[in-house]
Amino acid sequence: MKSAEVIKRLQADGWELVRVKGSHHQFRRPGQAGLVTVPDLAGCFSAGESLDAAIEAAREAIDAHVELLMEEGADIPSTRPLAEHQANPDLAGAVWAFVDVPVERYFGPAEKINITVPRRLLRSIDAHAKARHLSRSAFLAQAAREAMGRG
Numbered sequence: 001m002k003s004a005e006v007i008k009r010l011q012a013d014g015w016e017l018v019r020v021k022g023s024h025h026q027f028r029r030p031g032q033a034g035l036v037t038v039p040d041l042a043g044c045f046s047a048g049e050s051l052d053a054a055i056e057a058a059r060e061a062i063d064a065h066v067e068l069l070m071e072e073g074a075d076i077p078s079t080r081p082l083a084e085h086q087a088n089p090d091l092a093g094a095v096w097a098f099v100d101v102p103v104e105r106y107f108g109p110a111e112k113i114n115i116t117v118p119r120r121l122l123r124s125i126d127a128h129a130k131a132r133h134l135s136r137s138a139f140l141a142q143a144a145r146e147a148m149g150r151g
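What follows is the structure, given as structure tokens:
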């Protein structure tokens with residue numbers, strides 16, 4: 001389903017357009033909380049009759065969005081720190097939730113590796129990972145993708 005169709009259906013179902021910025025369309029349904037925007041995936045959003053339902057639908061939206069990016073040969077953007085999103089005035093007043101989406105389907109299963117790095121560097125890696133609420137492995141994988149220009 002194309003974004004334009006989704007927007008028309010939302011409006012037909014009583015959702016009100018709050019604002020538009022680029023490809024992002026923010027809607028709300030009077031008296032109900034149920035819109036999820038995925039700020040790390042431009043144009044990815046979901047809705048539901050309740051916030052819980054919208055968050056559950058976000059998993060499907062993220063999955064479909066990433067699948068489309070892969071089909072188009074586009075890079076999958078890296079996640080940005082929560083603090084960066086919270087500082088975004090367009091997202092002021094948002095309720096924040098994390099959605100766990102298994103990525104093995106897109107990248108293949110994780111492989112355990114053994115690397116050697118200087119102790120001070122390892123401490124710095126761990127501090128940066130912790131500040132971003134990431135595991136050491138996730139931080140290193142993200143840093144590698146960014147270094148290779150794959151976001």
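Residues in the sequence shown are numbered from 1 upward in steps of one, following full-length UniProt numbering. Note that CB positions come from ideal geometry on N, CA and C, so glycine has one too. Computed from a prediction, not measured in an experiment: that's the story for all the values here.
Identified DSSP bridge partners for residue i
i: Thr-37; result: Phe-45
i: residue 183; result: Here the chain covers residues 1 to 151 and nothing more, so residue 183 does not appear.
DSSP-derived helix/strand/coil call for residue i
i: residue 159; result: Any property of residue 159 remains undetermined from this structure, which presents the chain solely from 1 to 151.
i: Leu-17; result: strand
i: Met-148; result: coil
i: Glu-72; result: coil
i: Val-6; result: helix
i: Gly-139; result: This sequence places Phe at residue 139; Gly is not what is there. The answer is helix: DSSP assigns Phe-139 an H, G or I state.
i: Ser-50; result: coil
i: Ala-97; result: coil
i: Arg-123; result: helix
i: Arg-59; result: helix
i: Ala-131; result: helix
Supposed close pair residue i, residue j - CB separation, criterion 8 Å
i: His-133; j: Leu-68; result: Contact flag wrong, Cβ pair sits at about 27 Å.
i: Ala-58; j: Gly-34; result: That pair is no contact at about 11 Å.
i: Glu-5; j: Ser-78; result: At roughly 29 Å, the Cβ-Cβ gap does not stay under 8 Å, so Glu-5 and Ser-78 are not in contact.
i: Ala-64; j: Val-38; result: Contact doesn't hold; Cβ gap of about 11 Å is too wide.
Discussion item. Check whether the region 48-67 and the region 107-122 touch, using three or more Cβ-Cβ pairs below 8 Å as the test.
Written reply: No, because fewer than three Cβ pairs between the region 48-67 and the region 107-122 fall closer than 8 Å, the two stretches do not touch.
Worksheet item: Does the region 61-75 come close enough to the region 117-137 that 3 or more CB-CB pairs lie under 8 Å?
Response: no
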